[in-house]
Structures are given as structure tokens and as C-alpha cells.
Amino acid sequence: MDLETLLSYEWGIMAPEFIILGVATALTLMDLFMPKTQSRKILGWVGFAGILAALVSLLGLIGHGPESILLDTFRLDSFAKAFKLLLLIGSALVLLIAISYEPNEGLEEFRGEFFYLFLAALLGAMIMSSSGDLITLFVGLELLSISSYILAGMRKRNQLSNESAMKYVINGSIATAITLFGMSYVYGLTGTTNLKEMAGFLTSVYNEQHIYLLGLAFFMIVVGLSFKLAAAPFHMWAPDVYQGAPTPVTAFLSVVSKTAGFIIIIRILFSIFANAPSGDVQGLPMILALQDYIAFLAGATMIIGNVIALRQRNIKRLFAYSSIAQAGYLLVVIASMSLFMFDTLWFYLGAYLFMNLGAFAIIQHVTHKSGSEDISQFAGLYRRAPFLAIAMAVFLLSLAGIPGTAGFIGKLNIFMGALVPSEGHYVLVSIMIATTVISYFYYFGVMVQMFFRPAADTGKVKIPVALTAVIGISIAATILFGVAPNIAFDFLQGNFNQFTDFFQ
Amino acid sequence: MNLAYFLSILVFSPLLGILVLSFLPKTQESLIKTVGFLATIPALVLSLIAYFQYRAGASLDQLNEKVSWIQFGDSSQLGNLFSIDYELGLDGFSLIMIVLTAVLSTLAAIASIHIKKEWKGYFMLFLLLEVGMLGVFAAENLILFFIFFEITLIPTFFLIGKWGYFEKENAAYSFLIYNGLGSAVLLIVIMVLFARTGTANIDALMAAMNSDNPQLVAPISENMKMGLLIALLIAFGVKLPIFPLHSWMVRVHVQAPPSIVMLHAGVLLKIGAFGLIRFGMGIFPEQFQSLAVWLAVLGVVNLLYGAFLAFVQTDFKMVLAYSSISHMGIVLIGLGALNEAGIQGAIFQVVSHGLIAALLFFLVGVFYERVQTSNIQNLGGLAKGMPITAGFLLAGAMASLGLPGMSGFVSEFMAFLGLFKEMPILAAVGTIGIIMTAVYLLRAVLGITYGKAHRDFAGITDLKKFEYVPVLVLVGLIVLIGVYPSVLSEPLTSTLETIMLGIGG
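So the protein sequences, as listed, match chains A and B.
Under the UniProt record's numbering, the first residue of the first sequence carries the number 1, and numbering increases by one thereafter.
Under the UniProt record's numbering, the first residue of the second sequence carries the number 1, and numbering increases by one thereafter.
Pasting the structure below:
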């Protein structure tokens, strides 16, 4: 590749990534030259401003047609734009939570790293959403993962934080290895790492034997990637990691990292396997034949997440299982493969982003003072801080899928998608609805603490500005998208044109 | 009646009260109670206006509202499919239910004077509950119906769990889980219908499901229709409640504060009957006919089971709870008969029992407030201390056991008339229940009011002025329906005609 071709690329479409990269680099330098005693909070605000700038540049790109540069490794299609939007909003809110994070011990020395590692992880996730090539996908995945491993262990003097990082690294590496092994099969078959060329090869060259190899690759990739989603069979890490990691990191893992997981799984499954023939008479694509396996994972994830959550007393572990369950609901979307798939996934991830981050902001605030994370810390919150309690109630209701909140519309969307195909996924829908009812137990358990139990500590609660902003934005969005979801749907229809350019 | 947004204003008017309440200081007890009470008035006035206008011959169609709300997928390709409108409307039946809801809400707000703590939170939830209940009856599409249906769930959970009696949290949880499961099943039915037909509008669904050549997105087989109807029966059966699904309701009746039980027994349970009639009969008429026998059997089982268990209870609230189960059996009997008399009887029973249950629970609240017990064995001789309360209690019991001249008689008579026409043997078995009703109610009421007093009732005051209002209004309505049933039957005529047309009767 000579300089001329390099310059001829339309680098503008990578502007959001460049901004994040630039800000992250600038922050490392600032951290280096700042005096040791000075508070590093300012770095957080700079990082936040950087994410906002990237968000603005992304919004500027929304009208841009599909485009790919660097030999098809980086593509800007509707899918990339829509999901990057979620990643950026999610990270901006996480950073606000992180700025207000003041643990009793363990973070003083590494405050600076804390902020720019979030940006590095975000960059990885963004690269993934724009990838047209297995190599860049994998690099993005690793950038996200490695940054997250460090973030989980950020509180070096804290035992739980260390345990969390250790478990995360070991489990994560195994999962990544499995994914990579799966990818190697596809590469071996097609002789290319480019998703588009792979698709072309698989459509044109048909061989009985390919089916089995592709099947093997599918299983390995899905199993490996279920780690990022915190879905069965790779969900075991989530409770320990969520519990031990600093709360902003937990929030990041449960929202941004999970969104990234869905991005990569969609990219790979629907680029490669949607184009491979399944070998049956009707010439259906292979992905339809594999539907049932994804459905099985979705069902298992929903059941495991919701049932085990019932027994949790630690609020972060509770939310870990809750987030496993939510991953299960999202897998239902992929398993049903209806014409609404991208819309539904995007809307639910967006709703989940706000309700979960809002909840984590409150969790961080409620638990940080006492240091205990038992759900009894929420006792009497309504007396101490009525607005905090009502906000938490809204987030919990939304997570439980009660009407009036964005979570309900998201679930409605999922049900519809699962029932529209003429072979409706009745079992999957029944499992989803039944486990949703089970989830009432633990979500309402927190509400019982907040509203029915007397407060142990009667002191007034003062909320930092940044957290107030997160809670305010989240509650506004949760209710707005619950009452007037058409704002989001119109935006989707108006700007992303049904995501048709995903397959081009 | 040419007001735009008339129904929306009616349904959401209690929100105004919530808004005002949120600015009031927590400690202003009497102010909060006044605002809470006043906030129920607009809905009452508007619903009465609608009722009298309708009686005067105005058409209810002009009240319909429709605003497009959610569009799933790409509207340029899908057209009207998979769009959900915000649409409200009324027919005779739902109009009556709205009036019932508005009346009982106002009266329950008066009964809420007995609430002892955290009035602000209580009234905010109370008013939210009212919005949900009004909305359920005004909703013109299934998804909107479901949303309002769920909106009733959350405030009720908190109202029971925070302001109830000793085992309030258990009662709240069992309410939540049973009803959560019920609405989960309901949601499956709604979503299957929506996904298969592309519409959630009730009239459009009725048309689509009953036409010979329906325009569907995906096919619905006859077996699936049957399955959907049975699911619907389970969903509303939890709410009504139908025999094996009733245990939560007994707990709620005993543990919840009386003002909430008034609404719960008076309106919330009736949503089950409303749903069965409107959706079960309306959308699946053919399947409903083949299930009618089973409904009648379930009705008789409910009637007898409730009556026998009510007979052995020692707590008056338990007697009333089982009596509610028993009386809901009569609704099922009427529906199972599937002729005009039967269905009319069922609807009458819905309204009549709503009023009677509200009256009895209000009176329970009144004397519980004064003597701190509702156990029949610890009471007795209440007529000495509170003669007027005791008198009304007896009146309520008489209405409940179906004394001619009161509303209970009309509904029971019609429901059984319907069933005797279709299944005389079953009906004959069912009449045992009516006798049982008289036995257990008289035993309980006489045990409380007459006999030897277990304690000294000196110093206990009888009904206070404000307590007369709900009692007199309810007794008045009960007698009015009893002696002049056309206050109900006339608005119902067109609804009944539509139903009978659907089931081909």
C-alpha cells in the first residue's frame, strides 16, 4: 500500500475513533506531568469531554452513506453508527459515575489510569463495531478485554478487587482462545480474514464437508463470545468480577462491554453464517439451521440468571445475575432472527444502558459510605432520600419490564420479534415471560428494602453533581422511551434505513 | 359531549392530584387527605356526565380517541401493520365499569381517612391505581389494556405491603406473583395475536379472527385459538379468581387496608370478568362456546367451594373473602350459560358484587377501627354499641345473599335463569350455594351484631358523619339496581346484542 492510496482514503469516517485515541493519549501524558498530589478528577472531566466530542463527530457522520476504508477492514455502515452511538453514550455516563467514585481505600495512586483505561476499552469496542475483518475484530476485542482486566483490579490493595481481576483474566483468556480457535477454522476454509470475502467464498463454493467445519467454528465462536455477553455457558465469572471490581467498572462491564459483545457476535454470525448454505433442499442459509442452538443458550441464560439471582444478598452480585438474565433476553432477539432484529436489539440495549447505569449510579452512592454491599443498605432509603428511592424504583421496574418504562417497550419488541416468524418461538417466549415473573422477586426485594424497611442510618444523603446528572439523564430516558418510544423508532427508521447496508 | 380528549382527561385526571400532592409537605395530614379525596372527583363527575348523556341518547362513538403511538418496523413497507395506537373508547359495558370505578374510588378515598401513616405516599399510589383501573376499561386495544392492567399491579403491591395488617408483606408478594403470572400469560396471548395479525385493536381483532378469509401476517390454527382462549381463561382466572387460583386473593382481602380492599374486591377482581367477556367471548366466540360447559362447572365449583369455606371461617374478613370467591362463581355460571339472560346476569353480578363488597368492607373498616378485631368469636353484641353500623351490616349481608329488592337478587336470578335453560341439573346443584350463602352470612353477621357481648362497648361511637356518605351511597345504589334494574340493563343493550351476535345466539 503506497502513500497515495493511504491518503485517498476518507479518514473522516474514523473521526470518532481518532478523537477517543487522541484524548486517551493526551490523558496519559497529562497524568505523567501532573504533580503527584494533585487530584486526578480533572482527567475524568477531560475524558468525558473527549467522549462528548466523539459523540458529536459521530452524529455528524450519521447522514454519511456506507463506506469502507483500509481494504475493507474498517466499515462505516448503519450498524456501526447505531451501535457506536450506544457505546459512546454508555461510556460517557460510566465516566461520570467514575468521576464520583471515591472508595475508602485502594485507588489513590492509580486514579489517572482509571480514566484513560475506560477510553482505551471504549476504543476497542468502537473498532469492533466498525470492523470488516476478523483481525481487526479480534484486536478490538482484545483491546477492550485487556483494558477491562486492568480496570477490574484497579483497587490494588483490595482483596476482592484482585480476586476479581484474576478470575476475569483467566476466564477471559480461555474464552478468547476458544473464539480464536473457532475463527481459525473459518480462515482455514476460506483463506481470508475479510468478512465480505468470506461471505462471497462461502456462497459460491459449496462443499458438503464445509458444513461440519463451519458448525464447529460456529460453536467455538459462540461459546467463546458468550463470555463477553456474560451468557451461558460462560457466565460464571460475572458474579465474582462484578462484586470485586470498582462499581464504575462493574457498570462498564455490564453495559458497554456487553453491548460490544453483542456487536461482535452479530458481525460474525450474520456476515459469515448468514451466507453459508446449510445444505438442505430449500437452500436456507446456515444461520437458520443454527437458530435452535442460540435459542437454547438464550433459554439457559435466562433461567440461570433469574433463578440464581433470587438467592443473592450482595447488591452487586444481584445485578450480576440480573445482567446475565438481561443477556438472555437479548439472545432471544438473535435467536428469533425476525425482520425486526436490529431495531429490537438496538432499542433494548439502549433501554438497558439507561436503566442499568442509573441503577449502578445509585448503588455506588448507597454502598460507598458504609463499605457494605448488602441489600439491607437500601433499607429506608425512601425516608433518607425519597428521590433516590423513586429513581431506583423506576430503574428496577424498567429492568423488570413493567409498563411505563423503556424496559417494557423493549420486551414487547422482543416478544413480537420472536412470535412473528410463522414457526413462532413459543417455548422461548414462555421461558422469557416466566423468568421475568421470577425476576419480580428480586427486583421487588430491593424495593421492599427501600420502601418498607426502617432505615438503619437516618442521615440525609448528599449526591455529587456528576451522579445526579447520570441519574437524571437515565430516569428521563427510561421514562421517555417508555411513554413515547416512537422517538427512538423514528430515529432508527429515519437514519439507519433498516440496517440494509449491513449485508452489502 | 363533543369534548376532544374527554376520555383521556377522565382517565388521567387523578394524575393532577398526584402532582399537587408531590408539592405538599409530608406532615399536613388533613390537607393531604382532602386533596386525595378531591382528586377522585373529576373522574366521578365526568363519568357520570358520560353516563347520563348516554342514557339521554348521545352516542358513545364521539368519545373515541385515536393517536398513533408506536410503529414497529418500517411503516413504508408494513403500512398499518405492527403499529400500536393510543386509542380509547367506550361501549355500554365499559361505561358502567368506569362509573363503578369512579364511584368506588371516591368512596374508598373517604374510607382512607382511617389510614394512619405516610398519607402522602398512600394517596399518590391510590390515585395511580385509579388511573390504571379507569384506563383498563377505556382501552381500545390489547396492548394499552395490558399497560393499564400492569399499572394497577404496582401501586396495589405497595398499598398492601406498606399499609396493610400483620402479614402484609406476604400478602403483597403473593398478590404480585400470582398476578404477575396471570399477566404474563395474558401478555403471551396478546403478543401472539399481535404478531400474527399485526394489529392489537380489539375491534380489528374481532373482525380478523371471525372472518372466513382473514388477512393475517401468519396463520392461526383452530388449535391455537383454543390454546389462546384457555390461556386467557387462566390469566383472567387468576384475577377473578377461579377456584384453584384463589389463595392469593384471600390473603389480600384479609391483610390489605379496608379502603384498598374496597377497590380490590369492587373493581380489580372485576377486571377478570370484564376481560373474559370482552376478549374471551369477543375474539374467540366459537371456542368460547365449546368451553361454556366447563365454565359453568367451574362456576358451580367456585360457588360451592367459596360458600362452604366461608361457613367455617372465624374471621369476618375471611368470610367475606370466601364469599367473594363464591359470588364470582355466579359470574362464571352466567357466562357458562351463554344466553342473553346468563350474560346479563354475569354483568349485573359484576356490578352488584362490586357495590356490595365495597359496602361490607367499608363497614369492616369502620368497626375494626373501633374494636381492633374482626374475629367473630371476639365480637358479639356490636348492635349495642354501634346500632347503626350493625344495621347497615345486616343490610349489606341481605344484599349479598340475594334478598329481592336488592341488586344481588337480580343478578343471581338472571344468572341462574340462564343456566337452568341450558343445563338444569348443574343449575340445581348450584342453588345449594345460594342457600349456603344465606347460612354463612347470617351466621357471621348475627354473630357479630347480636348475642352476648365479649367486651364492653361503652365509649364506642357509631358512624361518624363522613362515614355515612359511603354507606348511604352504596346502599342507595344497591337498592336502586334492585328495584329499577334498567339503570344497568339499558346501557348494556347494545353490548349484549353485539356479544349475542358473535356467539350466534
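Ideal Cβ positions, reconstructed from N, Cα and C, are used throughout, including at glycine.
Model, not experiment: these values are computed from the prediction.
Practice problem: Report yes if the CB atom of Pro257 (chain B) is closer than 8 Å to the CB atom of Ile115 (chain B), and no otherwise. | Solution: yes
Practice problem: Could you list which residues in chain A have their beta carbon closer than 8 Å to that of Met191 (chain B), in chain order? | Solution: Leu412, Phe415, Met416, Leu419, Val429
Practice problem: Return no unless some Cβ of chain B is closer than 8 Å to the Cβ of Thr436 (chain A). | Solution: yes
Exercise. Below 7 Å between beta carbons is the criterion; list the residues of the region 482-496 of chain A that meet it against any residue of chain B, in chain order.
Key: Pro485, Asn486, Phe489, Gln493
Practice problem: On a CA-only basis, which of B:Ile435, B:Val261, B:Arg443 is nearest Ser324 (chain B)? Give me that one, please. | Solution: B:Val261
Quiz item: If we cut at 8 Å on Cβ distances, does Gly266 (chain B) have a partner in chain A?
Solution: no
Practice problem: Taking C-beta pairs closer than 9 Å, name the residues in chain C that Tyr101 (chain A) reaches, listed in chain order. | Solution: In the structure shown, chain C cannot be found, because the protein chains are A and B.
Self-check item: Sufficient close CB pairs (3 or more, under 8 Å) joining the region 285-293 of chain B to the region 228-235 of chain B
Solution: yes
Self-check item: Cβ-based neighbour list, Gln504 (chain A), same chain, cut-off 8 Å, excluding 5 preceding and 5 following
Solution: Pro66, Asp77
Quiz item: Can at least three beta-carbon pairs, one atom from the region 44-55 of chain A and one from the region 160-178 of chain A, be found at a separation below 8 Å?
Solution: no
Practice problem: May I ask you to verify whether the region 162-181 of chain B touches the region 467-484 of chain A, counting CB pairs closer than 8 Å and requiring at least 3? | Solution: no
Practice problem: Going by CA-CA distance only, name the one from A:Ile268, A:Thr190, A:Asn194, A:Lys196 that's closest to Asn207 (chain A). | Solution: A:Thr190
Quiz item: Are Val241 (chain A) and Met154 (chain A) close, meaning C-beta to C-beta below 8 Å?
Solution: no
Quiz item: For Asn213 (chain B), which three-state DSSP category applies?
Solution: coil
Self-check item: Those residues which DSSP pairs with Asp315 (chain B) across a bridge
Solution: B:Asn375
Quiz prompt | Chain-ordered residues of the region 209-243 of chain B with a beta carbon less than 9 Å from chain A | solution = Val217, Ala218, Pro219
Self-check item: DSSP-derived helix/strand/coil call for Glu102 (chain A)
Solution: coil
Quiz item: With distances taken from CA atoms, which of B:Ala397, B:Lys465, B:Lys168, B:Leu245 is nearest Ala357 (chain B)?
Solution: B:Ala397
Exercise. Please list the residues of the region 364-382 of chain A that have a C-beta atom closer than 7 Å to any C-beta atom in chain B, keeping them in chain order.
Key: none
Quiz item: Is Ile434 (chain B) near Glu467 (chain B), with beta carbons less than 8 Å apart?
Solution: no
Practice problem: Please report how far the alpha carbon of Phe93 (chain B) lies from the alpha carbon of Ser489 (chain B), in whole angstroms. | Solution: 10 Å
Quiz item: In whole angstroms, what separates the C-alpha of Thr37 (chain A) from that of Glu113 (chain A)?
Solution: 15 Å
Practice problem: May I have the straight-line CA-CA distance separating Arg453 (chain A) from Val364 (chain B), to the nearest angstrom? | Solution: 28 Å
Exercise. For residue 506 (chain A), go through chain B and note every residue whose CB falls closer than 7 Å to its CB, in chain order.
Key: Here chain A covers residues 1 to 504 and nothing more, so residue 506 (chain A) does not appear.
Practice problem: Report yes or no: is there a C-beta of chain B within less than 8 Å of the C-beta of Leu318 (chain A)? | Solution: no
Quiz item: Does the beta carbon of Leu397 (chain A) come closer than 8 Å to any beta carbon on chain B?
Solution: yes
Practice problem: Pick helix, strand or coil for Asp31 (chain A), following the three-state DSSP scheme. | Solution: helix
Quiz item: For Tyr450 (chain B), which three-state DSSP category applies?
Solution: coil
Self-check item: residue 533 (chain A), buried or exposed, once every other Cβ within 10 Å from all chains shown has been counted against 16
Solution: What the structure shows of chain A is the stretch from 1 to 504, and residue 533 (chain A) is not part of that stretch, so it cannot be assessed.
Quiz item: What distance in whole Å lies between the Cβ atoms of Phe319 (chain A) and Gly73 (chain B), which are believed to be in contact at a cut-off of 8 Å?
Solution: About 32 Å; that fails the 8 Å criterion.
Exercise. Sort A:Asn497, A:Ile487, A:Lys411 by Cα distance to Ile188 (chain B) and report the nearest one.
Key: A:Lys411
Quiz item: Among A:Asn194, A:Gly244, A:Ile294, A:Glu163, which residue has its Cα nearest to the Cα of Val223 (chain A)?
Solution: A:Ile294
Quiz item: Where does Glu29 (chain B) sit, in a helix, a strand or coil, going by DSSP?
Solution: helix
Quiz prompt | Which of helix, strand or coil DSSP assigns to Gln77 (chain B) | solution = helix
Quiz item: Just curious, the alpha helix (DSSP H) that Trp163 (chain B) is in, first and last residue?
Solution: 142-163
Quiz item: Is Ile221 (chain A) closer than 8 Å to Gly182 (chain A) when the C-beta atoms are compared?
Solution: yes
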